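Here is the structure we will look at.
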Amino acid sequence: MSDTPILDVRDLRVEIPLTRGTVHAVQGASFTVEAGQALGLVGESGCGKSMTLRAILGLLPHPGQITGGEIRFEGDDLANADPKRLRDVRGARIGIIFQEPMTALNPVMRVGDQIAEGPRVHLGNSRSAARKTALELMRKVGIPDPARRARAYPHELSGGMRQRVMIAIALSCEPRLILCDEPTTALDVTIQDQILKLLSAMRRDLGVSVVFVTHDLAVVAETCERIAVMYAGQVVETGTVDEVFRAPRHPYTLGLLRSVPRFDVVRQTLDSIPGQPPDLVAPPTGCPFQPRCGFAREDCLEGDFPLRRLGPGRATACIHDDDCAQDVSANPVIASV
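Residues in the sequence shown are numbered from 41 upward in steps of one, following this note's numbering.
The structure is reproduced here in C-alpha cells:
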C-alpha cells in the first residue's frame, strides 16, 4: 500500500436545515482508506454513516450541505468540487452500492442497459461494446443466463439478483473505490452470505478499495480489515478490526460489542446500551456519549473530544479510554462475530 490514502476524510461536517432547527448530521468525522483496503463504518441508525457516504459523492439530500472539513480522493478535493467534477467522479472512479436496489435502479429501464450506461457515458464505449461489457459483468457477479436477464426490468428479478445488478453497475467503469451503503440489510441470510463473498472476491481480484457502511459487526468481521465507529455524527474510534474487537478503547464501542449475543454463555437477558442516541438538532455539550456512558466523569461534560492517537492507525475520542482497557481486562470481550 502507498503512503498516501486513496480516501482521506478530515473533520467532515454536514448540516441539514429543517423547520425545527438544523440537523448536525455529521460533526467532525475523520478516517482514511488505503488502496486495496476495506473499511467498515459502523454505528447505530441515525449516527451519520450514510450521510458521510453521500457527502463523499455529493449526493446529500436537499437542503443538506457540507459546512466544513475535507474529502480528498486520490488527491482531489471532493468537498469543494463543482457538480460537473462530481459527475465525472461518480461511477467512473467511485462506485456505490445502495441498500435497496428497487429504489436505486430505474424501474422502466432494462437492467442490461443500466449496467451498460456507465461504460457509454464515462468510458465512451459504443453501444455494442458497452452491452458486451454488461454481459461480462453479469456473468462475473453470478447472474445466470445474462443475455436473457439483461432484457429484464428490476421488478422481474429477485432481491439477490437486483443487488448483483447493483454490484455490476458499481464495477462497470473499473472504479478505484466502492462505497457500500448497507447492501445486504434487506436480504435473507443465505443471500447475504453470497453477496458478501462476492464483494470480497471482487475486491481481491480487482484490487478496489471499499467503505462498507453497516450496523452489523459480523459483516465487518467478515469483510473488512479496518473499522471506524461512528456515534452522533462523529468517528469515536478507529483501528484494525482485530484490535478494536479484542480491545475497544471507547465506551460506545465496548457497549456495541457487549450487546452482541454470546453463544458460550447462558444468561437470561442481553446486555444493552442504556438510553437513546442524542437529538442531532440539539446535541449535548461535551462528549456526545456521556449521558449513556458508565465511565462518564465531570470532565466529560464540557469541551470537544476529537480523535486522539493511541498508536499506528489506532485512535479514540474518549479521554478515559484506560477505563475501557481495565474493563476488558477484567471481563474480556468475546463477541460472536
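Backbone N, C-alpha and C define an ideal beta-carbon position, used for all residues, glycine too.
Note that the structure is a prediction, hence the values are computed from the model and not measured.
- Please work out which residues of its chain come closer than 6 Å, Cβ to Cβ, to residue 221, disregarding the five sequence neighbours upstream and downstream, and give them in chain order. 90, 93, 138, 139, 253
- Query: Apart from the five residues on each side of it in sequence, which residues of its chain come closer than 8 Å, Cβ to Cβ, to residue 331?
  - Reply: Correct list, in chain order: 315, 318, 324.
- Query: Is the region 54-67 in contact with the region 288-298, if contact means three or more CB pairs nearer than 8 Å?
  - Reply: Note that the region 54-67 does not touch the region 288-298; fewer than 3 beta-carbon pairs, one per stretch, sit closer than 8 Å.
- Task: Measure the CB-CB distance between residue 273 and residue 210 and report whether it falls below 9 Å.
- Result: It is not a contact, given that the beta carbons lie outside the stated cut-off.
- Task: Measure the alpha-carbon distance for residue 114 versus residue 268 and round it to whole angstroms.
- Result: 20 Å
- Exposure of residue 348, with buried meaning 16 or more beta-carbon neighbours within 10 Å: Sixteen is the threshold: since fewer than 16 other Cβ atoms of the shown chains lie within 10 Å of the Cβ of residue 348, the residue is exposed.
- CA-to-CA distance, residue 95 to residue 356, given in whole angstroms: 23 Å
- Where DSSP assigns a beta bridge to residue 353, which residues make up the other side? Per DSSP, none; premise fails for residue 353.
- Terminal residues of the alpha helix (DSSP H) in which residue 151 lies: 151-162
- Looking at residue 53 and residue 76, is the spacing between their C-beta atoms short of 9 Å? no
- Task: Report the rounded CA-to-CA distance for residue 360 versus residue 260, giving the unit in angstroms.
- Result: 26 Å
- Task: Could you check if residue 41 is buried or exposed, using at least 16 other CB atoms within 10 Å of its CB as the buried criterion?
- Result: Bear in mind that the predicted position of residue 41 carries a pLDDT of just 47, short of 50, making it too unreliable to give a figure here.
- Query: Does the Cβ of residue 321 have 16 or more other Cβ atoms within 10 Å, making it buried, or fewer, making it exposed?
  - Reply: exposed
- Task: Within the same chain, show all residues whose beta-carbon is closer than 7 Å to that of residue 313, passing over the 5 residues directly before and after it, in chain order.
- Result: 295, 299, 332
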